[in-house]
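>
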Amino acid sequence: MNKKKILKQITLLLILLIISISVIGCMAEKVDKEQLAKEKAAKERVAKVHQEALEYLKDTYNEEFVIKDTRYIKKAKGWELTAAPIADQEFEFIVETGGMFGNEFVSNYARLKLTYQATKFYEPILKDIFEKNAFLY
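Structural data, given as structure tokens:
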């Protein structure tokens with residue numbers, strides 16, 4: 001009699017253990033699906049911001065560009081992208097959108113390009129005048 005009682009208790013414990021494992025497994029699967037959905041939505045948002053930024057840059061500057069880096073700034077609720085012209089990918093600049101800019105895009109490309117071109121133009125002239133390397137700021 002005692003053995004039957006122990007056997008019933010062990011069987012009951014095994015059934016409870018199996019049920020518990022099944023429930024926990026389903027919960028983990030639900031969390032994974034939610035996480036995957038969040039990651040997919042984030043990737044889609046980044047792709048959309050990239051596409052919109054590239055369209056803005058091409059329309060504004062009539063050149064082709066590449067996005068090199070992307071950051072979302074939580075406090076500002078905005079995006080900061082590092083971009084470069086395809087023709088000169090070492091010449092990087094910042095494009096911002098969201099936050100205080102709303103849906104508009106803002107970049108420092110024109111100012112940086114002008115500075116870059118002026119430096120390239122004046123550097124050899126100043127080098128000839130001063131007979132050494134000159135640094136423009």
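Counting along the sequence shown from 1, when you hit position 4 you're at 4 in full-length UniProt numbering, and nothing is skipped either side.
Even glycine gets a Cβ: it sits at the ideal position worked out from N, Cα and C.
These figures come from a predicted structure and were not determined experimentally.
To the nearest angstrom, how far is it from the Cα of LEU57 to the Cα of LYS38?
For this step, residue 57 is matched to residue 57 along the sequence shown. For this step, residue 38 is matched to residue 38 along the sequence shown. Going by the C-alpha atoms only, they are around 29 angstroms apart.
> Could you tell me which residues DSSP pairs with VAL95 in its beta bridges?
In the sequence shown, residue 95 corresponds to position 95, counting from 1. Looking at the DSSP assignment, VAL95 forms a beta bridge with LEU81, SER107.
> What's the call for residue 143, buried or exposed, on a 16-neighbour Cβ count within 10 Å?
Absent from the model: residue 143. The displayed extent of the chain is 1 to 137, so no value can be given.
> If you reduce the DSSP assignment to three classes, tell me which class ILE67 lands in.
On the sequence shown, position 67 is the one that residue 67 refers to. Strand at ILE67.
> Do you know how far the Cα of ILE73 is from the Cα of GLU63?
In the sequence shown, the residue the question calls residue 63 occupies position 63. In the sequence shown, the residue the question calls residue 73 occupies position 73. About 27 angstroms.
> Applying the 10 Å Cβ sphere with the 16-neighbour rule, what's the burial state of LEU114?
Taking the first residue of the sequence shown as 1, we reach residue 114 at position 114. Exposed, since its Cβ has fewer than 16 Cβ neighbours within 10 Å.
> Take PHE91 as the anchor and find which of GLY99, LEU81, LYS77, TYR109 has the nearest alpha-carbon.
As a position in the sequence shown, residue 91 is number 91, starting the count at 1. It is TYR109.
> Can you tell which of LEU12, THR11, LEU81, SER107 has the C-alpha that lies nearest to the C-alpha of LYS48?
In the sequence shown, residue 48 corresponds to position 48, counting from 1. Closest option to LYS48, Cα to Cα, is LEU81.
> Whole-angstrom Cβ separation of GLY99 and LYS120, contact assumed at under 8 angstroms?
As a first step, residue 99 is located in the sequence shown; it is residue number 99 there, counting from the start. As a first step, residue 120 is located in the sequence shown; it is residue number 120 there, counting from the start. The Cβ separation is near 34 angstroms, so there is no contact.
> So for ILE86, helix, strand or coil by DSSP?
Locating residue 86 in the sequence shown gives position 86, where the first residue counts as 1. If DSSP states are grouped into helix, strand and coil, ILE86 belongs with coil.
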